[in-house]
Amino acid sequence: MPKTLAEYFREFAKNENDFAFVQKRGLRRSRLLYSKLAQLSSQFARELEVRGVSKGDRVVIWAENSIEWVAAFYGCVLRGAIVVPLDEQSSSPEFISRVFNQVQPKLVLRGREQINFDATVPTILLESLSETVARHGTELYVSENIEPNDTAEIIFTSGTTNQPKGVLLTHENILSNLQPIADEAKKYLKWERFVHPIRILSLPPLSHVFGQFMGLFIPPLFRAEVHFLNTLNPSHIIETVKRERISVVATVPRVLEILQNKIERDFEMKGELEKFQEKIVGAKNWNALKRWWKFRSIHRKFGLKFWAFVSGGATLDAETEKFWRRLGFVVVQGYGMTETAALVSLNHPFKSDKGSIGEILRGQEVKLDESGEILVRGRNITPGYWGATSSGERADEWFRTGDLGEMDEEGRLYFKGRKKDVIVTAAGLKVYPEDLEAALNRQPEILSSAVVGIEGAQGPEPVAALIPRSRAEIDLAASVSRANETLAPHQRIRRWVVWPEQDFPRTSTQKVRKQPIVEFVLSNMRGEVSRAETASPLAEMIARVGGESSVNFNNEMRLSEDLKLDSLARVELMSEIEERYRVDIDEAMFTSATTLGDIERIIRQEAIEKEQPRITYPRWAQKFPTTWFRIIFFYLVLWPITLLMSRRKVRGREQIENLKAPLLFISNHVAAADHAVIMSALPARFQRSLAIAMDGELLESWLHPPKETPLLARLRHFAMYVLAVSVFNVFPLPQKSGFRQSFAYAGEAVDRGYSLLVFPEGLRTPDGLMHKFQSGIGILATKLNVAVVPVKITGLYELKAEQRYFARSGEVTVMFGEPVKFERDKNAAEIAAELERRVSELEPTTLRS
0 MPKTLAEYFR EFAKNENDFA FVQKRGLRRS RLLYSKLAQL SSQFARELEV RGVSKGDRVV
60 IWAENSIEWV AAFYGCVLRG AIVVPLDEQS SSPEFISRVF NQVQPKLVLR GREQINFDAT
120 VPTILLESLS ETVARHGTEL YVSENIEPND TAEIIFTSGT TNQPKGVLLT HENILSNLQP
180 IADEAKKYLK WERFVHPIRI LSLPPLSHVF GQFMGLFIPP LFRAEVHFLN TLNPSHIIET
240 VKRERISVVA TVPRVLEILQ NKIERDFEMK GELEKFQEKI VGAKNWNALK RWWKFRSIHR
300 KFGLKFWAFV SGGATLDAET EKFWRRLGFV VVQGYGMTET AALVSLNHPF KSDKGSIGEI
360 LRGQEVKLDE SGEILVRGRN ITPGYWGATS SGERADEWFR TGDLGEMDEE GRLYFKGRKK
420 DVIVTAAGLK VYPEDLEAAL NRQPEILSSA VVGIEGAQGP EPVAALIPRS RAEIDLAASV
480 SRANETLAPH QRIRRWVVWP EQDFPRTSTQ KVRKQPIVEF VLSNMRGEVS RAETASPLAE
540 MIARVGGESS VNFNNEMRLS EDLKLDSLAR VELMSEIEER YRVDIDEAMF TSATTLGDIE
600 RIIRQEAIEK EQPRITYPRW AQKFPTTWFR IIFFYLVLWP ITLLMSRRKV RGREQIENLK
660 APLLFISNHV AAADHAVIMS ALPARFQRSL AIAMDGELLE SWLHPPKETP LLARLRHFAM
720 YVLAVSVFNV FPLPQKSGFR QSFAYAGEAV DRGYSLLVFP EGLRTPDGLM HKFQSGIGIL
780 ATKLNVAVVP VKITGLYELK AEQRYFARSG EVTVMFGEPV KFERDKNAAE IAAELERRVS
840 ELEPTTLRS
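Have a look at this one:
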């Protein structure tokens with residue numbers, strides 16, 4: 000094992016032809032080879048040198064997970080600068096100010112969503128890193144004078160006070176934990192070639208040490224490909240795992256709970272939840288192969304290459320772990336904290352024990368003191384905190400973790416809870432909140448719970464905050480009573496409150512923040528109305544999306560008339576709701592909501608969920624042999640017929656002659672022949688790789704007509720569907736709902752090298768005039784990150800109005816305007832208006848033939 004991270008980086012950079020990182024940005028997919036990572040990191044190291052950043056200087060990285068984040072981290076490592084990663088969700092100006100004052104950074108790399116906090120410190124927009132460092136050479140940067148005991152990074156936590164605590168981690172701290180994993184990995188590398196590449200979906204933030212281990216340090220040991228996904232929406236996670244053929248998901252326990260809820264909710268909608276739960280119980284004594292077969296429908300959802308979850312950052316609930324194991328998935332969890340460089344113990348993927356947080360990693364020593372607190376020592380332990388002379392938390396060189404645990408005879412460690420969270424009753428008996436929460440969460444009426452210690456009349460006692468599965472009339476008292484039956488007398492819950500929101504406040508690693516819950520419980524006990532004076536989170540989201548004040552919102556307000564939310568604004572609102580509450584909402588149902596109360600009911604799952612029509616996306620149209628058939632048919636049949644009938648002229652073609660695919664062509668919509676006429680005017684390279692957006696509801700009605708449709712009509716519609724998809728490579732762009740799926744499909748097509756043709760009016764002109772462009776084109780223009788080419792057709796409307804099939808020479812004209820590219824954060828409606836203007840201003844007299 001190398002002695003520094005710089006040496007480690009140079010080692011794995013030799014995997015130059017393997018993909019290192021993959022990321023979905025907007026609607027596009029970005030990939031980076033190990034060789035390209037080495038080049039970009041080396042360029043950034045040279046940029047640091049030019050800017051006067053030297054060994055030991057601090058560089059702040061404040062952004063979400065991305066390919067550029069990784070390159071910036073290793074660029075700092077190569078230069079010897081100290082990385083200061085900040086959670087991208089850190090929004091407290093006071094916290095950020097204290098961190099900046101402590102570390103005095105020489106440079107800040109920030110995400111687009113983060114404010115330019117200190118104008119006196121040079122700042123780089125992280126997503127523009129490639130452009131910023133493009134002037135530098137790409138050869139591997141040669142590091143100088145970097146030692147194992149040098150500080151590699153400072154990771155800040157708030158500790159038990161608001162004062163940030165910067166944990167120092169050296170190169171040796173990190174690599175000493177990597178060594179035993181590397182040694183174990185060597186035993187299995189001979190089999191890796193049969194499943195290469197191993198793909199890891201890394202969900203924890205890179206600003207946390209667990210996220211770094213799973214996203215930066217461990218994957219190169221297996222030449223693995225790391226995927227970043229900056230959402231915790233359960234449907235998006237499952238779709239990504241299947242589409243990208245992910246092998247392992249690295250995540251925090253809360254996400255496993257969210258995914259479990261998603262699976263159970265799907266079975267509940269089909270009326271099969273009870274049967275599914277009976278199978279889970281019966282799976283206790285099944286072997287791995289039988290579990291896989293019995294739950295193969297779930298394995299198909301995730302994709303057949305996926306097999307394991309790695310959970311860290313918090314303790315995984317035993318019931319959640321049991322659920323996934325019985326489905327036939329491997330669940331690996333470990334234990335550690337920032338001060339121990341992420342890991343103290345780790346389960347073996349093939350030898351793990353249920354409920355255990357693993358065996359102690361080689362090179363570390365662990366013992367329990369008389370209170371059961373876990374003490375650790377080894378080369379992985381932090382040398383201290385930034386600005387402090389010592390850590391202040393060591394006793395005879397043992398690091399006190401503040402966690403309580405147990406250890407069995409075979410050396411496996413079991414987590415009992417945080418020492419500071421333990422409730423000691425007046426009788427001196429200890430109550431562990433985790434035990435009570437597990438008992439409550441097993442009750443079918445309770446979605447989630449959090450137990451805190453409150454000073455009662457008889458001394459400290461546990462009080463539970465509950466989030467019910469439904470806000471309808473349910474007997475939570477009975478649920479608490481059943482949970483109490485499984486607990487010892489001193490553990491039983493005598494007071495409980497209903498939490499007013501859809502989820503508890505959480506950290507970026509999805510741990511529940513207990514202090515707001517304590518405050519809410521205390522105010523509830525005093526009879527105060529908590530949180531009622533401020534607008535609800537839903538009202539705040541609607542105000543942000545729609546631009547209306549959240550004051551005086553009520554459930555009777557209409558979304559369109561009162562709150563000014565159009566169809567695309569609703570999609571944006573739905574995405575915000577899914578992100579905040581970690582729920583999965585049916586888009587068709589959400590689109591059909593008319594009032595604020597409807598949205599409230601959908602979030603709380605009180606609406607009657609019906610099977611919604613699904614749009615089919617023809618991915619087969621972009622695969623062999625359909626692609627070859629399309630090319631042959633176009634040049635032998637479609638192209639000659641179009642030229643003969645339209646006799647069109649082309650203006651402005653020089654605008655696209657030197658452009659490379661993919662592009663986004665946008666045009667006015669006149670007649671059914673628009674697609675063919677525009678295709679005939681394009682250069683050959685675009686003709687062969689063009690995907691065309693078409694009315695999604697119309698396409699779906701051809702493929703799946705109503706049941707009462709006569710057989711001959713069904714066959715005619717099916718033939719029309721196959722012909723349109725095969726010849727024109729059309730894809731559905733729905734008018735009512737399903738926008739997200741359509742935009743995602745468009746992104747996939749662009750990633751495959753296809754240019755797109757979209758008609759932003761959404762309908763053919765009824766009067767020959769161009770009509771308003773819909774704002775969805777603005778979303779496509781920004782999230783596809785390609786140049787937009789305005790196109791205008793003239794002459795076809797007159798032909799259609801006169802019912803003529805053959806045009807006179809020059810009567811039909813296709814015009815191409817100047818390409819334009821938009822910034823990602825520009826308003827979609829403004830972009831639509833700008834593109835509408837550009838298309839309308841195209842005239843034959845202003846363009847070359």
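Counting from 0, one number per residue, gives the positions in the sequence shown under numbering that gives the first Met the number 0. Each residue gets a CB set at the ideal place from its N, CA and C atoms; glycine is no exception. None of the values given here were measured: they were computed from a predicted structure.
Counterpart residues of residue i in DSSP-defined beta bridges
i, result
"Gln363", "Gly377"
"Phe664", "Leu756 and Val788"
"Phe209", "Partner(s): none; Phe209 has no beta bridge."
"Tyr384", "Val166"
"Gln332", "Ser310"
"Leu852", "Nothing about residue 852 can be read from this structure; the chain reaches only from 0 to 848."
"Ser91", "None; Ser91 has no bridge partner."
Residue i burial status per 10 Å Cβ neighbour count (16 or more: buried)
i, result
"Met524", "exposed"
"Gln211", "buried"
"Tyr804", "exposed"
"Tyr187", "exposed"
"Pro661", "buried"
"Glu760", "buried"
"Asn554", "exposed"
"Trp619", "exposed"
"Ile114", "exposed"
"Asp720", "Inspection of the sequence shows that residue 720 is occupied by Tyr rather than by Asp. Under this definition Tyr720 is a buried residue."
"Gly327", "buried"
"Val787", "buried"
"Thr533", "In this predicted model, Thr533 has a pLDDT of only 42, less than 50, meaning its place in the structure is not dependable; the value taken from the coordinates is given anyway. Exposed, since its Cβ has fewer than 16 Cβ neighbours within 10 Å."
"Ile242", "According to the sequence displayed, residue 242 carries Arg and not Ile. With fewer than 16 Cβ atoms within 10 Å of its Cβ, Arg242 is classed as exposed."
"Tyr384", "buried"
"Thr844", "exposed"
Local conformation of residue i per DSSP, three classes
i, result
"Tyr895", "For residue 895 there is no data in the structure shown, the boundaries of the chain being 0 and 848."
"Trp638", "helix"
"Glu392", "Caution is warranted here: a pLDDT of 47 is assigned to Glu392, below 50, making its placement in the model unreliable, and no coordinate value can be reported."
"Val421", "coil"
"Ser29", "strand"
"Ala531", "Per-residue confidence for Ala531 stands at a pLDDT of 37, beneath the threshold of 50, marking its modelled position as unreliable; no derived number is given."
"Trp498", "coil"
"His226", "strand"
"Glu112", "coil"
"Glu605", "Note that Glu605 scores a pLDDT of 43, beneath 50, so its modelled location is shaky and nothing firm can be said."
"Asp402", "strand"
"Ala184", "helix"
"Ala12", "coil"
"Ala44", "helix"
"Pro104", "coil"
"Ala456", "coil"
"Asp694", "strand"
"Ala670", "coil"
"Val550", "Since pLDDT at Val550 reaches only 49, below the 50 mark, its modelled position is unreliable, and no value is offered."
"Phe633", "helix"
Expected contact under 8 Å - CB spacing of residue i and residue j to nearest Å
i, j, result
"Ser40", "Tyr73", "4 Å"
"Pro121", "Arg50", "7 Å"
"Lys304", "Ser344", "Not really, about 28 Å apart at Cβ, beyond 8 Å."
"Ile257", "Pro233", "5 Å"
"Val251", "Thr508", "5 Å"
"Leu168", "Ala151", "6 Å"
"Ala690", "Asn728", "5 Å"
"Gln501", "Ser478", "About 18 Å separates the two Cβ atoms, so there is no contact after all."
Any non-hydrogen atom of the ligand PLP closer than 7 Å to residue i Cβ
i, result
"Ile60", "In the structure on display, the ligand PLP does not appear, and there are no ligands present to speak of."
is_contact[residue i, chain C] using C-beta, thresh 8 Å
i, result
"Val248", "Reference to chain C is not applicable here, since this structure consists of a single protein chain."
Does the structure place the region 400–415 close enough to the region 353–360 that three or more beta carbon pairs sit under 8 Å? yes
Can you find at least 3 beta carbon pairs, one from the region 638–646 and one from the region 802–822, that sit closer than 8 Å? yes
Please confirm if the region 269–286 is in contact with the region 211–230, defined as three or more CB-CB distances below 8 Å between the two stretches. The answer is no - the region 211–230 does not touch the region 269–286, with fewer than three Cβ pairs under 8 Å.
Using 8 Å as the Cβ pair cut-off and three pairs as the minimum, do the region 809–816 and the region 782–801 touch? yes
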